[in-house]
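Single-structure report; data block below.
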Amino acid sequence: MELDFYYLRTPTLSLQRLLDLLQEDDLPAYVQENLMGEAIFLASPTLYNEFLADPTLSSKKLRQTALKYVLRMGSRSTPFGLFAGCSLGQIADRTDLNVSDRQLFCHYELNMTVIWELTHYLNQHSEIRSQIPYQVNSSLYSFGNQFRYLELEKEHTQIRFFTSQIANCHPIRWILRKARKGATIAELIHDLIGRGYPIDQAQACVDQLIIDQVLVSQFVLNGTGVDPLQNLIGHLQSIPKGKPWVQLVRQVQVLLMRKDSVQKKHTAIQSIFKKEIGLSLPDASIIQGNSLFTGKQHQLSRTLLTNLQKAIQKLFSLSNAFQQKDSLLLFKRKFYARYEEREIPLALALDAESGIGYGDHPFMGDNLMIQTLIEAGDPVNQQQEIFSPELDHWLRNVYNNWFATGNSILELTDTDLNHWSDTSTQLPASYYVFGYFLSSSSQALDRGDYRFRCKFVAGPSAFPLLGRFCRVDQQLEQKIQNAFKQLQKNDPNRVYAEIVHIPIPAIGNVVQRPHMSEYEISYLGHSTLPIEKQISIDDLWISIPKGERVVLRSRRLGKEIVPRLTTAHNYQNGLPIYRFLCDLQQQESELSIYWHWGGLSNYRFLPRVQYRQIILQEARWRLTWSDYQASLTESENVSVWRLEWKWPRFISIAQADQELFLDLEHEGCQQLLINTLRRLQVLQIFEWLRTPDQCPIDGPDGKLTHEVILPFLHEQTKPMQRASRLDHHGIARNFIPGSEWLYLKVYCGTQASRKILLRLGKLARIYIRSKKISHWFFIRYQDPEPHLRFRFHLISQASYNDILSDCQRQLQSMINTDEIYRVQLDTYQREIERYGAERIVVTECLFWVDSDAVLTIARDQLNEQMRLAVGLLGVDKYLDDFNYPLSARVLFYQQGFQIIFDQQGSSVNLRKQLAILYRQNQGLIEALCAKEAPESELYSRYHKLFKKRSSRNKTYLNSIFVNQPQSYISSLIHLYVNRLFDQHQIKYELIIYHHLYRFYQSYTAQSN
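Residue 924 in the UniProt record's numbering sits at position 924 of the sequence shown, and the numbers go up by one each step.
Given below as structure tokens:
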């Protein structure tokens, strides 16, 4: 099957008209025009009102904002309200990109957050609530004698999920079975009464399951299928008390379809919600719009795209170069290490507590400080790419070779690309190319006189950027659905299933789409397919035969399931099961091509990168606020930069996927550049290639910039396995099982680890007193799975079996309850390179002293802030042990903080959040660390504990020089934090270094 279409994205305003507006410099007049006014209102009603209040744009800040919106409307093609839109193109014998007859059509919908508020309101309405069908929470799964599921907590605008559990007992199972296909409260209660339960108990049980979110209303946002407002009408029509509400919702539908201005629609809908429903909507945008351009269909020539595809395929090897950390590969290793050839429920495998989880960061739990830091500055959230040393080496070679030539453009050669050709991977059945053409006209394109800026190439599907537009473009919907049907027909032994997931309402605005496939996997997202076409999480089982390929299977259907996500939603920060399903798309046919400079990204200038006619990256300059000369005017500064760095007239400044076009000969654009630099301190400046003479699309008022999504098919061949690369480390000294060191690994979840520590720690103290062992210690590990490592140094090897048997007796009951899923004897390998041959024996004794102190702390059920307090005090007391003067502690803590801060992404948001946490914890820190602080119960209790630890440490430190390198002390601190906190240790270590640095910085300043 050949794909016969592409999708074109263009701004509403032509580039030529934009340049004319800048030349005329009559910004206030254009902002007052109807289309621009509606576009701004749709984006921000509050801002629109500010423009009305200041029509001459006398406010400099408001004028700059208006300029940004006008620049966006004439240069940026990303669909957004009335600023840019899309149109379907066809593949033909010749190219014709003349769209001068195009008309703008905007499809208006209620913002998903508004629909969510409405459904929430209806779910609380007593008459409606009693008639609403309830269904089982789609995240629920069985675990032993419990059911586990995700519960949502909403506080103001923040939404969080946490794991909850209920008993797996007869009445709960009966209710869940009844609710699988949807049942009202009365039907559920009646079912329990029929099984012999009193009415009051039955009522209380059902009500509690609804409160606990085990049962959820069917009045929710649907991720696929009909428009959510129409879906709500369907539900309301099916219940007797829903008829009056149907009329109100239909009024809203009619208002959205009317040819009134957005302002009128907004006011009328607000009025209905307030007067008729009783809900006050915010002044923020309650309407969203998706724009289409209609008119004569444009077309690209088949020959043009065939030649482009051949050139793009030469770049496929780069997919191996720019691969990032592979969560799925790590998961496969962990899974096979634990379960081998077994098939187990997917939800159990991904359970963060009892399974192996998925991804780097558990999101559930009560660690609110850490959750805040993850949101503020986690490298995953910041989308920072981490690439291999091999790629970095290759990039430097490519760069150095270019630098030696003196050329302005870095042109990749076949030799450069061949470096990655041996590691080629299986290509997907379909993929898409995203970018734009640079050419003077349609005729020039057909002559081959063009360049193509390739932003990225991706699989395993050609359609993720197109899904949301199928809501408003029925032709596009039909073409994609036909492609999916053909895909399923070609692979009848497997089931392709669309992932339906809307964890928070705002995401619904970008992921809502028609049904794309015959089956759907619903996970915290409502599917409107018949229940037999829905695949629940608890129906999915997983195995990895021979540890090679993940097989996800539906027990009900008896077939392998292939998940698909036909949206552009960035799932990397999502819930673990959702991330896993999305990542699983890639396992057989990963394709991701784009350019990134890796370790060279901070160079002041990086050239344009090109392969034949394909541009992979524009030339780029790094501008910092230190480049600004206060003695010069803004215009003079820009002139200096243009002269010094040879900037073109047209540039763009970019942040993530946002780019802002600037004309450096326009005073307002110069000011915008300076103000943005002042605010962000560092800017990436890109050359702007889409000049009017290089825009091949002719619009009603001149040349248009554009972006194009080109879907391609690829004939698949047998999957190729990626070679694995193993690291080999030298081993300094080994202690095998049966020797003087007994080494146990106990694999468990976070909650069970405290119980294990208390049991084996108590046993260790008994052995110390009975002189069976001389010392012991423990540490926590996450590689490959969460576990505790206990090491006991035996005085006599004859007691080895007795101690092992005692440990087994302590742990057996927890093994029986699945709190422990593996206990392993292993070889103890001393880290002599890290701690030094002359210090390793003493270091093991220091580990014992620290482990013993943490064992005492573990008896207390400390909340997060109290545990942080103990962490702060314990770290600072280590510097007392090594006789660190107060004046040197500022630098020690500053350097320790900076190392971890850089590892965690060193974002501005992360630094701000740390400052907020410090202000919240400042009083506690001063009470614990200040030498003249008044005594308190907290101060006294833990100071005594660490005074005892210090006294014992001195016994061993006397045998080595106290003046140890900072790296050695930092290692002891690192392992203390590791032992004290059962998860997120690196985040807590970051907080501790930050807080102590800030405290001593202030303390020494006041002392001086």
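The beta-carbon is built from N, C-alpha and C at its ideal position, and this holds for glycine as well.
From the DSSP secondary-structure annotation, give me the bridge partner or partners of residue i.
i	result
Phe-161	Leu-152
Ser-652	Phe-661 and Phe-686
Ile-409	Arg-608
Cys-748	Ile-820
His-793	Trp-741 and His-775
Lys-264	Looking at the DSSP assignment, Lys-264 forms no beta bridge with any residue, so it has no partner.
His-787	Tyr-747 and Tyr-781
Cβ atoms of residue j and residue i: under 8 Å apart, would you say?
i	j	result
Ile-502	Gly-467	no
Leu-683	Leu-623	yes
Ile-127	Lys-241	According to the sequence provided, residue 127 is Glu. The question's Ile does not apply to it. A contact, by the Cβ cut-off of 8 Å.
Cys-582	Ile-499	yes
Val-114	Ile-286	yes
Arg-949	Asp-850	yes
Leu-662	Leu-673	yes
Arg-642	Leu-606	no
Ile-233	Val-220	no
Arg-302	Ile-91	yes
Ala-404	Ser-592	no
Ile-577	Ala-347	yes
Val-510	His-569	yes
Leu-192	Cys-205	yes
Ile-736	Tyr-767	no
Pro-696	Phe-434	no
Glu-667	Ser-635	yes
Tyr-993	Gly-923	no
Leu-110	Val-252	yes
Ala-268	Pro-45	no
Ala-654	Phe-686	yes
State the start and end residues of the unbroken beta strand (DSSP E) segment that holds residue i.
i	result
Val-457	451-458
Gln-299	299-301
Gln-90	84-92
Ile-277	It is not in any beta strand (DSSP E) - Ile-277 carries neither H nor E in the DSSP assignment.
Gly-668	Element bounds for Gly-668: not the beta strand (DSSP E) but the alpha helix (DSSP H), 667-680.
Glu-560	559-564
Could you tell me the boundaries of the alpha helix (DSSP H) in which residue i lies?
i	result
Val-226	Val-226 -> no alpha helix (DSSP H), and no H or E assigned at all.
Glu-187	185-194
Phe-484	474-490
Ile-537	First-last for Ile-537: undefined, no H or E at that position.
Leu-879	864-881
Glu-989	985-1007
Thr-113	112-124
Phe-316	No alpha helix (DSSP H) contains Phe-316, which DSSP labels as neither H nor E.
Ala-444	442-446
Phe-80	Taken as a continuous stretch (DSSP letters only), Phe-80 belongs to no alpha helix (DSSP H), as it is neither H nor E.
Tyr-968	966-980
Thr-843	840-858
Trp-645	634-645
Step through the CB atoms of chain C and report whether any lies within less than 8 Å of the CB of residue i.
i	result
Glu-590	Within the model displayed, chain C is absent; a lone protein chain is all it includes.
(request) Return the chain-ordered ranges of every beta strand (DSSP E) run that is complete within the stretch 687-711 and spans a minimum of 3 residues. (result) The qualifying runs are 697-699 and 702-704.
(request) State whether the stretch 74-81 contacts the stretch 4-13, with contact taken as three or more CB pairs (one from each stretch) at a distance under 8 Å. (result) yes
(message) Please give the ranges of any alpha helix (DSSP H) in the stretch 13-57, keeping only runs that are unbroken, at least 4 residues long and fully inside the region.
(response) 15-24, 27-31, 34-43 and 45-53
(request) Please confirm if the stretch 186-195 is in contact with the stretch 478-498, defined as three or more CB-CB distances below 8 Å between the two stretches. (result) No: the two stretches stay apart, fewer than three of their Cβ pairs being nearer than 8 Å.
(message) Is it the case that the stretch 30-46 contacts the stretch 736-745, given that we only count it when at least three CB pairs across the two stretches are under 8 Å?
(response) no
(request) Determine, using beta-carbon pairs with one atom in the stretch 250-259 and one in the stretch 138-156, whether at least three such pairs fall under 8 Å. (result) no
(message) Assess contact between the stretch 387-403 and the stretch 311-327, defined as three or more Cβ pairs (one per stretch) separated by less than 8 Å. Is contact present?
(response) yes
(request) Check whether the stretch 330-348 touches the stretch 305-317, taking contact to mean three or more Cβ pairs, one atom from each stretch, closer than 8 Å. (result) no
(message) For the pair the stretch 552-570 and the stretch 532-543, tell me if three or more CB-CB distances fall below 8 Å.
(response) yes
(message) Quick check: the stretch 47-60 against the stretch 404-420, are at least 3 beta-carbon pairs closer than 8 Å?
(response) no
(message) Measuring CB atoms only, is the stretch 512-521 touching the stretch 595-602, in the sense that at least three cross pairs come out at less than 8 Å?
(response) Three or more beta-carbon pairs separated by less than 8 Å are not found between the stretch 512-521 and the stretch 595-602, which leaves the two stretches without contact.
(message) With three or more C-beta pairs closer than 8 Å as the rule, is the stretch 94-108 touching the stretch 695-714?
(response) yes
(message) Three or more C-beta pairs under 8 Å: does that hold for the stretch 963-979 against the stretch 829-847?
(response) yes
(request) Mind listing, in chain order, the continuous beta strand (DSSP E) runs of no fewer than 3 residues lying wholly within the stretch 506-538? (result) The qualifying runs are 519-522.
(message) Is it the case that the stretch 262-275 contacts the stretch 159-168, given that we only count it when at least three CB pairs across the two stretches are under 8 Å?
(response) no
(message) Does the contact criterion of 3 or more C-beta pairs under 8 Å hold for the stretch 816-831 versus the stretch 742-759?
(response) yes
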